[in-house]
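Novice: Protein chains in written order, with this note's numbering: chain A, 1 to 341; chain B, 342 to 682. Quick one: structure below, then a few questions.
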């Protein structure tokens, strides 16, 4: 994992100095400091977790607009972020892109991969791109991403785009940490709705049908109408102004529709802010995060090697019918109470 | 809750005597002892849990065929169990029926309700019917039902039917504690498949289409063909003989098809037993149960009133943005380590 050697060097220094070495450049927008800080929050080592918590607690209270973006592979997500992100930077906005991909088994090469697929944006001084950590389970990705968002905000980014591949539970996870949730879809052949799950549709604030250009312009337009119809069947949400959720056509290649999409996002975010929904939503998200950290922290006790060994032994006896499951569980729970760390 | 006063009286006696007072009549098939024992495993009081675990650990190793049965309200589930259960008792088999209904908010009256809806079976000396405990969450119902199954087996029942209303996660729960899982469905109008979720279909070993009599005979036959077609599209499971999972017509009212259904269940269970799948499946279920008890036991720490109060206070600060979620969670986790019970 890149950045580790540098970080390890910093960690060996005195505590207060380490914090200042990281925090001061971070809040003045130093991208390397931001990178290092994210590497720190990605670590699961106990002392790093402690440092990460101290760092997060010391961050200034800056807020960015958090945009969740989901789209299946092939829909043109990278091209969209590249075009959309570049447009935002041209308006003087600083844009951070965080990837959430719990299935990622990519090694160090991923950084190159992610930066290559958004080449222009990666070179843009107003943009910061960070790939998903590799080999991390969903819970770990969730924690890292929530904390990375806070770090990007503290570093002065105005927009944080949290992108995810539309598989499994990652959409829910991203929607739960975003102010706006955008679904990027491809034009569908005919009137089929691409098997988008109802639950995912219900989370979307905006459905963008990409590739609305050339030969696909007319299918894309039809697809937008289909989704618009499907969205009208959903119950209107109290946190939405009239007409939302909405479906719009865009083309990441020609740039068509990007301005309209951005103006709709601003309209929705502004309305929610003015009506207090944005703050209420963030308060609720923070509370959920707290609970998930709490549950995760308790269950992490079972991951300690000495506990794992004990669980395996008793699990074997349980499977053989030599020990009732509830009794075996109680044995582990009692043992945990007597052997704290 | 009925039985409590009797149980309370027993609990005040000396420990060994209590166990013998409950265990000895239980394993000789005394139904009142079985009822009391189930009431004991339904209790969440710490001393009762301890007794329940001791009792379970002391049970002889008898096994029944565990049949999970799911069907939505109106499909004729009670009538089916009544007819099917009676048929089994006529073959000299002892039949226990346990209901799993996590949504149940019924009070003491439920016993009467469940016994009324299976009036004939309730009066049958070879049958034992126990309704779902009221006001218990899914996890509690799961534990109670798993332990109640063991009690029924020890009491000499040959067949344990675990029935559930087909809502939410209760089907998965019941399938996870059964040797065979049966889906009872009504004849569908036309060729629609009643919106049965693919995941539920995949759990079913046998789909029984009820009400195959009178005017509904022909729709029922068509529905059986439809389900048979749908089942053929599913991947064959290694633990199944040729031709399974299967769809069959039955009529709980006329009794038509019940013999055929029972013979298919015996064929499947026999094949699985002979190929070792039954034992492997039970070993895996026991291991899962162990893990779920373990996770449940850890998370139960958060339910203690003094912890709850602390969690509420910190949760409030988190929602107001005064405390980072991970820091708040760590605070609770540290506090739990220092304040054990």
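A virtual CB, placed ideally from N, CA and C, is assigned to each residue, including glycine. None of these values were measured; they are calculated from a predicted model.
1. So, does the segment 664 to 682 of chain B touch the segment 282 to 293 of chain A, judging by three or more C-beta pairs under 8 Å?
2. Leaving out five residues on either side along the sequence, give the residues of the same chain with a beta carbon under 6 Å from the beta carbon of residue 117 of chain A.
3. Where in the segment 43 to 96 of chain A do unbroken runs of the alpha helix (DSSP H), each at least 4 residues long, occur, reported from the N-terminal end onward?
4. On a CA-only basis, which of A/44, A/218 and A/54 is nearest residue 151 of chain A? Give me that one, please.
5. Does residue 670 of chain B get closer than 9 Å to chain A when you measure Cβ to Cβ?
6. Note down, in chain order, every chain B residue with its Cβ under 8 Å from the Cβ of residue 230 of chain A.
7. For residue 157 of chain A and residue 639 of chain B, what's the separation of their Cα atoms in angstroms?
8. Quick check on residue 325 of chain A - is its C-beta less than 9 Å from some C-beta in chain B?
9. Inspect the beta-carbon positions of residue 511 of chain B and residue 479 of chain B and report whether they are closer than 9 Å.
10. Checking 9 Å against the spacing of the C-beta atoms, do residue 145 of chain A and residue 98 of chain A come in under that value?
11. Would residue 236 of chain A be called buried (16 or more neighbouring beta carbons within 10 Å of its own) or exposed?
12. Decide yes or no for the touch test of the segment 209 to 228 of chain A against the segment 242 to 259 of chain A: beta carbon pairs closer than 8 Å, at least 3 of them.
13. Assuming residue 153 of chain A contacts residue 91 of chain A under a Cβ cut-off of 8 Å, what Cβ separation, rounded to an integer in Å, is found between them?
14. Taking the C-alpha atoms as reference points, what is the distance between residue 524 of chain B and residue 506 of chain B?
15. What residues in the segment 491 to 513 of chain B bring their beta carbon closer than 7 Å to a beta carbon of chain A?
16. Do we get a CB-CB distance below 9 Å when we pair residue 222 of chain A with the residues of chain B?
17. Examine chain A for any beta-carbon lying closer than 9 Å to the beta-carbon of residue 379 of chain B, and answer yes or no.
18. Does residue 505 of chain B come out as helix, strand or coil in the three-state DSSP assignment?
19. Less than 9 Å between CB atoms is the rule here; does residue 652 of chain B satisfy it with respect to chain A?
20. Secondary structure at residue 447 of chain B, three-state DSSP: helix, strand or coil?
21. Note down, in chain order, every chain B residue with its Cβ under 7 Å from the Cβ of residue 343 of chain A.
22. Going by DSSP, what residue range makes up the alpha helix (DSSP H) through residue 290 of chain A?
23. Quick check on this structure: which residue in A/141, A/160, A/222 and A/304 has the alpha carbon closest to the alpha carbon of residue 292 of chain A?
24. Tell me, please, whether the CB atom of residue 284 of chain A is closer than 9 Å to any CB atom in chain B?
25. Considering only residues of the same chain and omitting the five flanking positions on each side of residue 464 of chain B, which have a CB-CB separation below 6 Å?
26. Give the single residue among A/245, A/229 and A/280 whose Cα lies nearest to the Cα of residue 205 of chain A.
27. Does the beta-carbon of residue 543 of chain B have 16 or more other beta-carbons within 10 angstroms, so that it is buried, or is it exposed?
28. What number of angstroms, rounded off, separates the C-alpha of residue 603 of chain B from the C-alpha of residue 500 of chain B?
29. Go ahead and pull the three-state DSSP assignment for residue 645 of chain B.
30. Quick check: residue 406 of chain B and residue 364 of chain B, are their CB atoms within less than 9 Å of each other?
31. On the DSSP letters alone, give me the boundaries of the alpha helix (DSSP H) that residue 272 of chain A sits inside.
32. Measuring alpha carbon to alpha carbon, tell me which of A/121, A/271, A/133 and A/278 ends up nearest residue 178 of chain A.
33. Does residue 461 of chain B pass the burial test, meaning 16 or more other C-beta atoms within 10 Å, or should it be called exposed?
34. Just how far apart, CA to CA, sit residue 276 of chain A and residue 264 of chain A?
35. Please go through the segment 546 to 596 of chain B and give each complete alpha helix (DSSP H) segment of 4 or more residues, from N-terminal end onward.
36. For the putative contact between residue 309 of chain B and residue 441 of chain B, defined by C-beta atoms under 8 Å, what is the C-beta separation to the nearest angstrom?
Specialist: Let me lay it out:
1. yes
2. Working through the first chain from its first residue, we reach residue 117 of chain A at position 117. Closer than 6 Å at Cβ, skipping near neighbours: 78.
3. 46 to 57 and 77 to 90
4. Here residue 151 of chain A refers to the residue found at position 151 of the first chain. Of A/44, A/218 and A/54, the residue nearest in Cα terms is A/54.
5. Taking the first residue of the second chain as 1, we reach residue 670 of chain B at position 329. Cβ-Cβ to chain A under 9 Å: yes for residue 670 of chain B.
6. By one-based count along the first chain, residue 230 of chain A stands at place 230. Residues of chain B passing the Cβ test: none, with the nearest at roughly 18 Å.
7. Stepping through the first chain from its first residue, residue 157 of chain A is reached at position 157. Stepping through the second chain from its first residue, residue 639 of chain B is reached at position 298. So the two alpha carbons sit approximately 39 Å from each other.
8. Against the first chain, residue 325 of chain A aligns to sequence position 325. With 9 Å as the cut-off, residue 325 of chain A counts as an interface residue toward chain B.
9. Indexing the second chain from 1 puts residue 511 of chain B at position 170. Indexing the second chain from 1 puts residue 479 of chain B at position 138. Yes, these two residues count as a Cβ contact at 9 Å.
10. For the purposes of this step, residue 145 of chain A is taken as the residue at position 145 of the first chain. For the purposes of this step, residue 98 of chain A is taken as the residue at position 98 of the first chain. Yes, the pair counts as a contact, with Cβ atoms nearer than the cut-off.
11. For this step, residue 236 of chain A is matched to residue 236 along the first chain. Exposed: under 16 other Cβ atoms inside 10 Å.
12. yes
13. Position 153 of the first chain holds residue 153 of chain A. Position 91 of the first chain holds residue 91 of chain A. In fact, because the Cβ distance is near 18 Å, the residues do not count as touching under 8 Å.
14. Locating residue 524 of chain B in the second chain gives position 183, where the first residue counts as 1. Locating residue 506 of chain B in the second chain gives position 165, where the first residue counts as 1. Taking the straight line joining both Cα atoms gives about 10 Å.
15. none
16. Residue numbering aside, residue 222 of chain A sits at position 222 when the first chain is read from its first letter. Answer no: the Cβ-Cβ gap between residue 222 of chain A and chain B never drops below 9 Å.
17. As a working note, residue 379 of chain B is residue 38 in the second chain. No, because no Cβ of chain A sits closer than 9 Å to the Cβ of residue 379 of chain B.
18. Position 164 of the second chain holds residue 505 of chain B. Note: residue 505 of chain B maps to strand in three-state DSSP.
19. The residue you call residue 652 of chain B lines up with position 311 of the second chain. Interface residue, yes.
20. Taking the first residue of the second chain as 1, we reach residue 447 of chain B at position 106. For residue 447 of chain B, the predicted structure reports a pLDDT of 43, less than 50, and the residue's modelled location is therefore unreliable. A value from the coordinates is still provided. Coil, per DSSP.
21. Because chain A is modelled from 1 through 341, residue 343 of chain A falls outside the range shown and cannot be assessed.
22. By 1-based counting over the first chain, the position of residue 290 of chain A is 290. Looking at the DSSP string, the run of the alpha helix (DSSP H) that includes residue 290 of chain A is 277 to 299.
23. Position 292 of the first chain, counted from the start, is the residue given in the question as residue 292 of chain A. Selected option, being the one with the closest Cα: A/141.
24. Residue numbering aside, residue 284 of chain A sits at position 284 when the first chain is read from its first letter. So, interface residue.
25. In the second chain, the residue the question calls residue 464 of chain B occupies position 123. Once the five neighbours on either side are set aside, residue 464 of chain B has no close Cβ partner at all.
26. The residue you call residue 205 of chain A lines up with position 205 of the first chain. Closest option to residue 205 of chain A, Cα to Cα, is A/245.
27. Here residue 543 of chain B is taken as the residue at index 202 of the second chain, counted from 1. Residue 543 of chain B is exposed by the Cβ-count criterion.
28. Taking the first residue of the second chain as 1, we reach residue 603 of chain B at position 262. Taking the first residue of the second chain as 1, we reach residue 500 of chain B at position 159. So the two alpha carbons sit approximately 12 Å from each other.
29. The residue you call residue 645 of chain B lines up with position 304 of the second chain. The answer is coil: DSSP assigns residue 645 of chain B none of H, G, I, E or B.
30. Indexing the second chain from 1 puts residue 406 of chain B at position 65. Indexing the second chain from 1 puts residue 364 of chain B at position 23. Going by C-beta atoms, residue 406 of chain B is not nearer than 9 Å to residue 364 of chain B.
31. Residue mapping note: residue 272 of chain A aligns to position 272 of the first chain, counting from 1. Its alpha helix (DSSP H) spans residues 258 to 274.
32. Locating residue 178 of chain A in the first chain gives position 178, counting from the first residue. Residue 178 of chain A has its Cα closest to that of A/278, out of A/121, A/271, A/133 and A/278.
33. Position 120 of the second chain, counting from 1, holds the residue named residue 461 of chain B. Residue 461 of chain B should be labelled exposed.
34. Taking the first residue of the first chain as 1, we reach residue 276 of chain A at position 276. Taking the first residue of the first chain as 1, we reach residue 264 of chain A at position 264. So the alpha carbons of these two residues sit roughly 18 Å apart.
35. 558 to 573
36. With chain B represented from 342 up to 682, any question about residue 309 of chain B goes unanswered, as that position is not in the structure.
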